[in-house]
């Protein structure tokens, strides 16, 4: 009887709320109403079956950690990136620790994605968000910061305080949050040192436990080094799909320490990045696979050779004229070029 009364009151409050503007009030009301007569477990259950049916909460329903979905996305839509697929194993291990099936996380998971433009770094980060969170990049537990726009060198102290405030507020509400920093190469040096405690081996920082959270850094730093090293490995007889993390991590770490937001950063020197993931430069057949995927997304299952050639005409190759092997812009320019080609080759009667 008590349960039905509380259940009815909760529904009444929810219907009186407009656009969830009173979500904080609802939470407070639920807590104060039940603290005297309802156990904590009841509160969680009632909240999950009432408020959380209408608004995103930090629950398994909204954060499913669907690594199988990530595996499928990477397999079907990520081309020429054998090491990127290791994100599945990295996040599976993290998931098991979050679920406490294999101990617990001793620190936040920190991943740094490196490579040329157009090789899929942002695409991979989006795939991670879409697999881990029901609302993907739109989840209120996914925060995205971008290079110079958010962390240029002006008003640096204000920006640092603002960053700490956002991170503390987000992770306090949901320890399983995802924080993404893009365009590290365009950030002001030292800015990232302010979050070093959140990435280190601490049970709490400012009273907040960050150990189940995930941080992803994205940058072009080391892109040319990755390309040159891949060429050398291939010349030494190592196949593209046989390379390993240790073939690239030392050169990425060394380059990172001298550029952008990573410049002279304690995040680098104190080894707080768990995985440096190199995105290899794409060869022509990889870019063609990208083009075919984008054609399919635009309703063309089998584009003609002429259409494919037209789409590929914007691709140039490097890293040098005498070693023009890798696409300088990866698949980036195809996202606009392919839809144009589809319209260009439409039969006149379809226009």
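Residue numbers (this note's numbering): 4 to 354.
The beta carbon of each residue, even a glycine, is placed where N, CA and C say it ideally should be.
**Study point:** Nearest neighbour of residue 295, chosen from 276, 341 and 266 [CA to CA]
**Key:** 341
Exercise for review: Pull up the CB-CB distance for residue 219 and residue 122, whole angstroms please, since I reckon it's below 8 Å.
Suggested key: Not a contact, Cβ separation roughly 15 Å.
Review point. Between residue 236 and the rest of its own chain, which residues show a CB-CB distance below 7 Å, the 5 nearest in sequence each way excluded?
Key: 246 and 250
Check your understanding: Whose CA, out of 89, 135 and 100, lies closest to the CA of residue 115?
Key -> 89
Exercise for review: Classify residue 149 as helix, strand or coil using the three-state DSSP reduction.
Suggested key: strand
Exercise for review: Would you mind sorting residue 240 into buried or exposed? The rule is 16 or more other CB atoms within 10 Å of its CB.
Suggested key: exposed
Review point. For residue 323, which of 252, 335, 178 and 234 has the nearest alpha-carbon?
Key: 234
**Study point:** Extent of the continuous alpha helix (DSSP H) to which residue 126 belongs
**Key:** 124-135
**Study point:** Status (buried if at least 16 other CB within 10 Å, exposed otherwise) for residue 161
**Key:** exposed
Practice item. For residue 232, count neighbouring Cβ atoms within 10 angstroms of its own Cβ and tell me buried if that reaches 16, exposed if not. Key: buried
Exercise for review: Note the first and the last residue of the continuous alpha helix (DSSP H) segment covering residue 297.
Suggested key: 287-300
Check your understanding: Going straight from the alpha carbon of residue 182 to that of residue 142, what length do you get?
Key -> 11 Å
**Study point:** DSSP three-state assignment for residue 320, whether helix, strand or coil
**Key:** strand
Check your understanding: Looking at residue 290 and residue 86, is the spacing between their C-beta atoms short of 8 Å?
Key -> no
**Study point:** Backbone secondary structure at residue 91 - three-state DSSP
**Key:** helix
Review point. By a C-beta neighbour count over all protein chains shown, 10 Å radius and 16 as the cutoff for buried, is residue 216 buried or exposed?
Key: buried
**Study point:** Helix, strand or coil at residue 265 according to DSSP, with G and I counted as helix
**Key:** helix
Check your understanding: Pick from 191, 180, 145 and 228: whose alpha carbon is nearest that of residue 153?
Key -> 191
Check your understanding: Between the Cα of residue 227 and the Cα atoms of 171, 75 and 332, which residue gives the shortest distance?
Key -> 332
Review point. For residue 285 versus residue 314, is the C-beta spacing smaller than 8 Å?
Key: no
Practice item. Whole angstroms is fine: what's the gap from residue 170's alpha carbon to residue 195's? Key: 13 Å
Exercise for review: Can you give me the start and stop residues for the alpha helix (DSSP H) that residue 254 sits inside?
Suggested key: 252-259
Point to revise | Cutoff 6 Å; reference residue 317; Cβ partners in own chain excluding five residues on either side | key: 336 and 340
Point to revise | Span of the alpha helix (DSSP H), counted from its first residue to its last, around residue 168 | key: 159-176
Review point. Taking Cβ positions, are residue 117 and residue 271 nearer each other than 8 Å?
Key: no
Check your understanding: CB residue 177 to CB residue 334, shorter than 8 Å?
Key -> no
Review point. Is the beta carbon of residue 186 sitting closer than 8 Å to the one on residue 150?
Key: yes
Check your understanding: Nearest CA to the CA of residue 200: which residue from 275, 73, 103 and 320?
Key -> 275
Practice item. Use the C-beta contact count for residue 57: other C-beta atoms within 10 angstroms, 16 or more gives buried, fewer gives exposed. Key: exposed
Exercise for review: With residue 76 as the anchor, note down where its alpha helix (DSSP H) starts and where it stops.
Suggested key: 70-80
Review point. Alpha carbon to alpha carbon, how far is residue 351 from residue 338?
Key: 24 Å
Point to revise | Of the residues 244, 166 and 145, the one placed nearest residue 179, counting alpha carbons only | key: 145
Review point. When the Cα atoms are used, what is the spatial distance from residue 221 to residue 125?
Key: 7 Å
Review point. Based on the DSSP output, what are the partners of residue 307 in its beta bridges?
Key: Paired residues: none, contrary to the question.
**Study point:** Contact under 8 Å by Cβ, residue 136 with residue 49
**Key:** no
Review point. Are the Cβ atoms of residue 101 and residue 108 separated by less than 8 Å?
Key: yes
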